[in-house]
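In the numbering used here, the protein residues as written are -16 to 884.
To start, the structure itself, in structure tokens.
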């Protein structure tokens, strides 16, 4: 589509504009919580109102007015919150065809006016809805032009000229009239707290409890109840007035609400629903009143068992016929059938039968009362909760870190400000506990290990000094004091299996550097039945460095004779266990961040009689011996006094401080025999994973260790050790030495022309031969170069996946050029020899013969050269090394006319 930048005013950066609001750079815009005045882009409207919006663009130098709008311009609608709301909430559509508009939807301005017209509205409360424009579909630099806020007004009730609040108490007699003014108030924006004078709406009344007996009248005294039994009042310009009349006593504390804006998503519900906040009563003047009632727990079990009621008013001739109560729900009533205890105007109902209360406990007491003239009525009051806290159940979960856990369920939500102290009493003695989890009625405490046992008796301590209980007594969240005779309950066992972490470990039984078995320890013996209730998973790394979950079958697990140790032998190939990994260190994972080397046990646990599954994570120990994961030799080829550098990489970090690098730590297989070298000159990497050895300085280069020789551990008691204290194992495999080539070159420098006669039968000016040593080459009394080469090791895999040298990728290429002493070219030759050449019987690493490149004292054209001084340039490139390895030497050769002696 055509973008703003490609409009007829191309190559210009256009500004995007929303009508009347101006254009602003994107920023944080909050139209609700602000200081001073709100942002000029903030617009405030009531829900269910649909407003028009116009978007257009102008050239950068033009005034931001509609007449400058670019006709036919293309841009994107920017409304980032649009995706968070469905069409049942938000209206955002084009005016011309009512098609829905989405965030970052492309639009094109009208060809005549240059405008894009929209409709915006919301059926529910919605704040800070941004609307603007963007130049590209990535919204690189969006411009917010308007911020919509759709509010739900709230109602203010006014009686006798004063606003009714939660603290208001209004007293009337039956037959009196309560005059109520109501105002709809704007909740946000510059008009916050003012009457919503544009609101004209029908409101519906809904009454509760005894208030259902109220009559609602218009200001003129007309009953607002219609034939469909709905009670309606029209609010005009944000205000209304109605009258409330009671034909019988209303004393139960019930109320009514006014409601508007039906909720289309929830039947019979309204978006605006505001109850009358104050407490009102309509009483009979010649009748007593039932002022209060409360339910108590006298036996301390946390469940109500006694109700007290308080009467007021004209009680002289009062005759209470019957009591009815509901608890912990006010939906159904139970008639009290026990003996009523009277003390003046206080009536007690002992031995009531109720259930334990929940979070939303509420109740009501009704009394059928007769008074003067045998006038009778049913009085009602709310039943207040005066039940103190009490423990219902306690479950012990033993720990392994010096602390045990108590899961305690109370009869009601507890005051969460309590943290620690001697808040619980065990077998008659207070104990120190720490509350580590406080979720309503269920709390979790920690206690010193061994203090609590299954079968002990536990209750709430109610006598505790401020020093021992700095947070006071454990009390219910509603503030009802804890009864000193709150019940004690037996401590139960959760049925959890307790793991002994010291016995948890990963092992490498065959010493090949690959984890192949695990163990789990338990504090108490376990059985096959216990295993059936457990789901055990071990976590390690696979060869890709990814986390692998190892889930053994119960049949593959082995319980020790004492029942406290569980073993599992696994097949590393089945789980693709990572090779050459014997430690627990997340840096070995693919991303360097993945944790591994742990176990999880999902166990069926019973708490408070309820079965549940509980997953616990356990740390594991590294009980695997380290192995050599790789080696690399950097051989010296020139100076006998220079050492070879030999790098050893281990399968995990080694304990650099705990290592004793005695000469017998490592053994080397060189020239058919195991030997030891001095290891005194060495250097560890910072992480302890690599060891660089500087070896064989001063030794003849030809007798030194070369690539394809071998190395192994040779001290299993006081040598190398990893950071977990695991010493190297005799089972650790021997490792072939990898490395760069060693190239040693020697030359015969003098020959005579008579030798050329001896070589006359050789057609080629240059030939290459195998010799056993330098003496054999020297005996040939010819000019040439002797090469003693330790080839580099290029490793591949055989058909079993084992690492072996790749003979096809190992070899050398040589070049020899001869010049006169004044630089004239005489002759040259070159060639390549692979490691699997028949010269080496197919393996240069096992049969490392020396090579002698001979010059037959002839030029390239086959003619014999004359006596004199010649310069020979010899190059050799050993291929298969990790880096190109090239050697170039220049030799001076002399040819005399007499036979050399």
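The beta carbon of each residue, even a glycine, is placed where N, CA and C say it ideally should be.
Note that the structure is a prediction, hence the values are computed from the model and not measured.
For residue 130, same chain residues with a beta-carbon under 8 Å away, outside a window of 5 residues either side, are 12, 14, 22, 24, 25, 26, 111, 112, 113 and 114 in chain order.
Apart from sequence neighbours up to five positions away, the residues of its chain that approach residue 399 with a beta-carbon distance below 8 Å are 421 and 460, ordered along the chain. In this structure, the beta-carbon distance from residue 580 to residue 522 falls below 8 Å. Taken through DSSP and simplified to helix, strand or coil, residue 50 comes out as helix.
DSSP lists 289 and 369 as the bridge partner or partners of residue 279.
Secondary structure at residue 192: helix, using DSSP grouped into helix, strand and coil. With a beta-carbon spacing of about 7 Å, residue 105 and residue 74 fall inside the 8 Å limit used to define contacts.
For the set 609, 546, 133 and 500, the Cα lying nearest the Cα of residue 508 is the one of 546. When rounded, the separation of the alpha-carbon atoms in residue 54 and residue 83 is 22 Å. Residue 209 is classed as exposed because its beta carbon has fewer than 16 other beta carbons within 10 Å across all chains shown. Judged by beta-carbon spacing, residue 427 lies beyond the 8 Å limit of residue 414, meaning their Cβ atoms are not closer than that value.
Under the 8 Å Cβ criterion, the segment 143 to 163 does not count as touching the segment 86 to 96, having fewer than three qualifying pairs. In the structure shown, residue 178 falls within a strand segment according to DSSP collapsed to helix, strand and coil. Looking from the CA of residue 118, the closest CA among 601, 287, 87 and 688 belongs to 87. Taking a contact as a CB-CB distance under 8 Å, the pair residue 607 and residue 489 counts as one, their CB atoms being some 6 Å apart. With a beta-carbon spacing of about 6 Å, residue 586 and residue 516 fall inside the 8 Å limit used to define contacts. The residue among 277, 371, 846 and 861 with its C-alpha nearest the C-alpha of residue 335 is 277.
In this structure, residue 313 sits near residue 347, with a CB-CB distance shorter than 8 Å. With 16 or more neighbouring CB atoms inside 10 Å of its own CB, residue 442 falls in the buried class. With respect to the 8 Å criterion, residue 40 and residue 58 are classified as neighbours on the basis of their beta carbons. When rounded, the separation of the alpha-carbon atoms in residue 682 and residue 487 is 49 Å. Residue 850 carries a coil assignment under DSSP once its states are collapsed to helix, strand and coil.
One thing to note: residue 766 has its Cβ within 8 Å of the Cβ of residue 840.
Annotated as distal: residue 248 and residue 454, with beta-carbon spacing of 8 Å or more. Residue 467: not part of any beta strand (DSSP E); DSSP gives it neither H nor E.
In this structure, the straight-line span from the alpha carbon of residue 806 to that of residue 799 is close to 15 Å.
Secondary structure at residue 508: coil, using DSSP grouped into helix, strand and coil. Distance from the CA of residue 677 to the CA of residue 857, rounded to the nearest whole angstrom, comes to 29 Å. Contact check for residue 184 against residue 141 fails: the beta carbons are separated by 8 Å or more.
Remark: C-beta atoms of residue 393 and residue 374 approach each other more closely than 8 Å. Distances from the CA of residue 197 to each of 176, 186, 504 and 160 were compared; the closest alpha carbon is that of 160. For residue 556, the enclosing alpha helix (DSSP H) has its first and last residue at 555 to 558.
Look at residue 184 here: in three-state DSSP terms it is strand.
In the three-state DSSP reduction, residue 434 falls in the coil class, being neither helix nor strand.
Secondary structure of residue 154 (DSSP, three-state): strand. Of all C-beta pairs linking the segment 351 to 365 to the segment 314 to 331, fewer than three are shorter than 8 Å, placing the two stretches out of contact.
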